[in-house]
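Below is one structure, written out as C-alpha cells; comments come after it.
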Amino acid sequence: SPACVTGKPVEYHGIPGRDEATGRGVGSLTLKLLSRLGRRIPGTRVAIQGFGNVGTHTARFLRDAECKIVAVSDATAGFHRADGLDVLDLLRFSQSHSNRLEGFTGGDAITNAELLALDCDVLIPAALGGVLHAGNAEAVRAPVIVEAANAPVEPEADAIFDRRGITVVPDILVNAGGVTASWFEWVQNRQHYQWGINRVRQELDRILGESFEQVWQLASSRQVTLRTAAYMLGVGRVGRATVLGGIE
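To convert, take the position in the sequence shown, counting from 1, and add 6; that gives my numbering.
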C-alpha cells in the first residue's frame, strides 16, 4: 500500500503542501506566540539560522506576514541587513546556486555565531542541533527563540534562557508540521482521496494552533516553561492512552 511511506511525489499518492509543511508550521506558531506576547507582528525582526527546506519556507511565510528577515545563514555563508533582506531575492539566488547562499550580494556577511547573537526580536535556529549551549547562551539577545531544528537548545542553555526571561518554543511543538502533514498523507492514502492545498493548510494551521494554545494555557496555569508544558501534555496523553488500552 502507498500509505506505508509518506513524503511521496504528489503525482504518486503524495500530498500537496508536504514540502512546505514544517516551515509553514514554524512561521504560523511564531506569529501565534508574538500575538500571545502582545507584540506587533509587522516589522518584527527575525534571524534564521539554516536556509534549507525549513528555513526557506519559514522565511517566505514570515515575509508574507510583514516580518523583516534581518539575517539568514547556511553552511556556506550568512548575511545580515538591518532593514530586512529581500527574501524572494535570497530564494532565487539559492535555487540557482545549488541551494547555497555563498556569493549572495544583497546583505552584509555574517557568521553563524554572529547570527545567533544578533540584536533581533525572534531567533529561529533551523539547521543543526546543539547550536545554543552554555558557551553562547548569555550572548543571545533575542527575547524569543523558536526551535525549528531538532534540539538546537542544549539543556544548560535552556536553563540560562529561563533565568534570563527568554521565551523558547520547543521543537516538539514548533516543527511538528512535517509529521502532521505526513499523517494527512497516510489518511488520504487510506481513504483513496486527495485533499487540495487549501484544505491541507487549513487543517495544519488548526491542529498546530490548537496544540499551541493547549501548551500555552498549561504553561501559564502551572508557571512552567513552554517546553515543560509540552512534555507534560505529551506524557499525560500517552499515559491516558496506555491505561485506556488496558496496558499497565
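A virtual CB, placed ideally from N, CA and C, is assigned to each residue, including glycine.
Below 9 Å between beta carbons: does that hold for residue i and residue j?
{"i": "Val76", "j": "His86", "result": "yes"}
{"i": "Ala148", "j": "Asp125", "result": "yes"}
{"i": "Ala4", "j": "Asp177", "result": "With the chain covering 7 to 254 only, the question about residue 4 has no answer from this structure."}
{"i": "Ala115", "j": "Ala65", "result": "no"}
{"i": "Ala123", "j": "Val146", "result": "yes"}
{"i": "Ile203", "j": "Gly23", "result": "yes"}
{"i": "Asp95", "j": "Arg45", "result": "no"}
{"i": "Ala133", "j": "Gly58", "result": "yes"}
{"i": "Thr186", "j": "Ala27", "result": "yes"}
{"i": "Leu43", "j": "Thr173", "result": "yes"}
{"i": "Leu68", "j": "Val52", "result": "yes"}
{"i": "Val221", "j": "Leu179", "result": "yes"}
{"i": "Gly29", "j": "Gly141", "result": "no"}
{"i": "Val60", "j": "Leu107", "result": "no"}
Would you report the Cα separation of residue i and residue j, rounded to the nearest angstrom?
{"i": "Leu37", "j": "Asp80", "result": "23 Å"}
{"i": "Pro131", "j": "His139", "result": "12 Å"}
{"i": "Val152", "j": "Phe218", "result": "13 Å"}
{"i": "Thr62", "j": "Ile253", "result": "43 Å"}
{"i": "Ile54", "j": "Ile213", "result": "24 Å"}
{"i": "Ala71", "j": "Pro15", "result": "28 Å"}
{"i": "Cys6", "j": "Thr248", "result": "The displayed coordinates of the chain run from 7 to 254. Any statement about residue 6 would go beyond what the structure contains."}
{"i": "Ile47", "j": "Arg98", "result": "25 Å"}
{"i": "Ser7", "j": "Val206", "result": "22 Å"}
{"i": "Gly33", "j": "Gly49", "result": "15 Å"}
{"i": "Ser104", "j": "Leu250", "result": "50 Å"}
{"i": "Leu121", "j": "Arg169", "result": "22 Å"}
{"i": "Asn181", "j": "Thr111", "result": "30 Å"}
{"i": "Val150", "j": "Gly171", "result": "9 Å"}
{"i": "Val175", "j": "Gln223", "result": "14 Å"}
{"i": "Arg246", "j": "Tyr237", "result": "14 Å"}
{"i": "Gln101", "j": "Ser227", "result": "45 Å"}
{"i": "Ser41", "j": "Asp25", "result": "26 Å"}
{"i": "Tyr18", "j": "Glu162", "result": "45 Å"}
{"i": "Gly215", "j": "Gln208", "result": "10 Å"}
For the beta strand (DSSP E) containing residue i, name the first residue and the last one.
{"i": "Ile130", "result": "Val128 to Pro131"}
{"i": "Ile172", "result": "Where Ile172 is concerned, there is no enclosing beta strand (DSSP E), given that its DSSP letter is neither H nor E."}
{"i": "Arg51", "result": "Arg51 to Gln55"}
{"i": "Lys74", "result": "Lys74 to Ser79"}
{"i": "Ile151", "result": "Val150 to Val152"}
{"i": "Gly84", "result": "Gly84 to His86"}
To which residues of the same chain is residue i closer than 6 Å at the C-beta, ignoring the five residues directly before and after it?
{"i": "Glu191", "result": "Thr12 and Ile21"}
{"i": "Ala225", "result": "Leu232 and Ala235"}
{"i": "Ser188", "result": "Thr12"}
{"i": "Gly136", "result": "Glu160"}
{"i": "Gly56", "result": "Ala132 and Ala133"}
{"i": "Leu129", "result": "Ala53, Ala148 and Ile151"}
Hey, could you find the ends of the alpha helix (DSSP H) residue i is sitting in?
{"i": "Ser7", "result": "Run containing Ser7: none; DSSP gives neither H nor E here."}
{"i": "Val193", "result": "Gly183 to Gln197"}
{"i": "Ile47", "result": "Looking at the DSSP string, Ile47 is not in any alpha helix (DSSP H), and its letter there is neither H nor E."}
Only counting the same chain, and skipping five residues up and downstream in sequence, which positions put a Cβ closer than 7 Å to that of residue i?
{"i": "Gly321", "result": "One cannot answer for residue 321 here, as it falls past the ends of the chain, which runs 7 to 254."}
{"i": "Gln194", "result": "Ile21, Gln200 and Trp201"}
{"i": "Leu210", "result": "Ala27, Arg30, Gly31, Gly183, Thr186 and Ala187"}
{"i": "Thr117", "result": "Gly84"}
Could you pull out every residue in the same chain whose Cβ sits closer than 8 Å to the Cβ of residue i, ignoring the five residues on either side in sequence?
{"i": "Gly109", "result": "Ala83, Phe99 and His103"}
At least 3 beta-carbon pairs within less than 8 Å: the stretch 188-202 vs the stretch 237-247: no
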